[in-house]
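Peer 1: Heads up, the sequence shown is in the working numbering, so the first residue is 12 and it goes up one at a time.
Virtual Cβ for every residue (Gly too), placed ideally from N, Cα, C.
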Amino acid sequence: MIRQIAVIGTGTMGRGIAYLAAVSGHDTVVFDFDRAALDGARAWIESTLLKGVEKSKLTGEAAQAALSRVHLATDIEPAVRAADLIIEAVPENLELKSDIFAQADLFCSEETILASNTSSISISKLAGNVERRDRFIGLHFFNPPHLMKLIEIVSGERTSSETVAEMQALAKKMGKEAIVVRDTPGFATSRLGVAIGLEAIRMFEEGVASAEDIDRAMELGYNHPMGPLRLTDLIGLDVRLGIAEYLAGALGPRFEPPQILRDMVAEGKLGKKTGRGFYEWNE
Ligand SMILES: NC(=O)c1ccc[n+]([C@@H]2O[C@H](COP(=O)([O-])OP(=O)(O)OC[C@H]3O[C@@H](n4cnc5c(N)ncnc54)[C@H](O)[C@@H]3O)[C@@H](O)[C@H]2O)c1
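1. So, for Met-185: in the same chain, excluding its five sequence neighbours on each side, which residues have a beta-carbon less than 6 angstroms away from its beta-carbon?
2. Report the start-end ranges of each alpha helix (DSSP H) in the region 170-242 that is 4 residues or longer and not cut off at the edges.
3. Could you give the C-beta distance for Ile-225 and Gly-238, rounded to a whole number, given that I count them as a contact under 8 angstroms?
4. Tell me whether Gly-288, by its Cβ, gets closer than 7 angstroms to a heavy atom of ligand 1.
5. Would you decide whether Gly-20 is buried or exposed? Buried here means 16 or more other CB atoms lie within 10 Å of its CB.
6. Over what stretch of residues does the beta strand (DSSP E) that includes Ser-127 continue unbroken?
7. For Ala-17, name the three-state secondary structure that DSSP assigns.
8. Just to confirm before moving on: does the CB-CB distance between Val-141 and Asp-116 stay below 8 angstroms?
9. Cβ of Val-175 within 8 angstroms of Cβ of Ile-148?
10. Given this structure, state the Cα-to-Cα distance separating Leu-78 from Lys-62, to the nearest angstrom.
11. Let me know the secondary structure DSSP gives Asp-38 once reduced to three states.
12. Can you give me the C-alpha to C-alpha distance between Arg-143 and Gly-286, rounded to a whole angstrom?
13. Rounded to the nearest angstrom, what separates Lys-280 and Ile-271 at their Cα positions?
14. By alpha-carbon positions, which one of Ile-190, Asp-145 and Ala-138 ends up nearest to Lys-160?
15. Applying the 10 Å Cβ sphere with the 16-neighbour rule, what's the burial state of Gln-75?
16. What do you get for Leu-105, buried or exposed, if any count of 16 or more other CB atoms within 10 angstroms of its CB means buried?
17. Within the region 58-119, note down every full beta strand (DSSP E) run reaching 3 residues or more, in order along the chain.
18. Output needed for Leu-49: all residues of its chain with C-beta closer than 6 angstroms, excluding positions within five of it in sequence on either side, in chain order.
19. According to DSSP, simplified to helix, strand and coil, what is Ser-133?
20. To the nearest angstrom, report how far apart Arg-53 and Glu-294 are at their CA atoms.
21. When the Cα atoms are used, what is the spatial distance from Arg-92 to Asp-145?
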């Protein structure tokens with residue numbers, strides 16, 4: 012039974028995951044080595060709870076109770092000591108994440124489940140430094156975690172079926188839908204998302220249609236809420252390129268990035284964050 016959740020890394024994803032953990036009734040301890048990020052996360056959780064009350068998504072009492080369940084830790088040891096589940100959400104870097112898990116493994120109880128929010132790194136590789144590989148799992152939330160419906164549960168080579176079942180129960184308690192995916196490159200979501208995105212970029216490169224019309228094909232023809240080129244602009248062309256290169260290495264040339272994607276990244280056209288991608292983004 013998961014009572015206390017520790018969230019490590021309180022950036023874009025970590026703070027949203029902490030919000031979800033607290034709102035769904037868990038004692039939530041958040042740790043970030045950057046004090047400003049930690050304070051920012053608490054302020055964000057508070058203002059998101061307030062907005063929820065304004066929109067009648069939760070009562071004032073429920074919001075107060077959720078906020079009182081959020082505790083800040085300025086070191087990893089107090090953050091993980093009493094946790095039943097640790098969710099790591101530090102930047103996408105194998106060494107950094109492995110180091111966090113090696114430390115957490117030292118300080119938490121033997122029963123604690125270790126989970127990573129990685130979007131692409133192999134769960135079995137990440138589990139390399141810890142003893143409890145049966146209690147190591149991928150818990151992939153989507154941005155923003157409090158609004159997106161899906162949690163992708165990634166089962167590593169040694170993850171036990173009990174650990175998967177506990178995470179399925181947690182997802183339900185958080186009001187999410189879970190899918191279970193075997194630990195393979197790109198899992199289900201990144202692999203499918205990148206496949207569609209790369210084909211759309213190739214079609215744009217070949218002049219099949221304008222960016223707007225390629226996007227409309229999927230929005231109106233297939234009911235996607237957003238077309239693949241606009242989505243690539245939001246994610247960042249550099250981020251997409253990085254994942255495509257990784258998947259091409261792991262799964263073969265069908266994920267080879269189109270030349271135009273490489274050229275746009277080299278020209279600094281990274282999408283919304285630089286104001287220019289497949290679209291112009293003026294604030
Ligand atoms: N941003 C997204 O859309 C998205 C979606 C799904 C999954 N992810 C994955 O989630 C993870 C986090 O991504 P993000 O976008 O939230 O990153 P981010 O850069 O916004 O936040 C990372 C946080 O980790 C903290 N941090 C770094 N090193 C640390 C350490 N040693 N100890 C404690 N804290 C540390 C940083 O101070 C920062 O606050 C990545 O693995 C990413 O691939 C991101």
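Peer 2: Here's the rundown:
1. Leu-31 and Ser-35
2. 172-184, 200-216 and 222-232
3. 6 angstroms
4. no
5. buried
6. 124-127
7. strand
8. Remark: C-beta atoms of Val-141 and Asp-116 approach each other more closely than 8 angstroms.
9. yes
10. 13 angstroms
11. strand
12. If you draw a straight line from the Cα of Arg-143 to the Cα of Gly-286, it comes to about 45 angstroms.
13. 11 angstroms
14. Closest by alpha carbon: Ile-190.
15. exposed
16. exposed
17. 81-84 and 96-99
18. Thr-21, Asp-43 and Leu-83
19. coil
20. 27 angstroms
21. 19 angstroms
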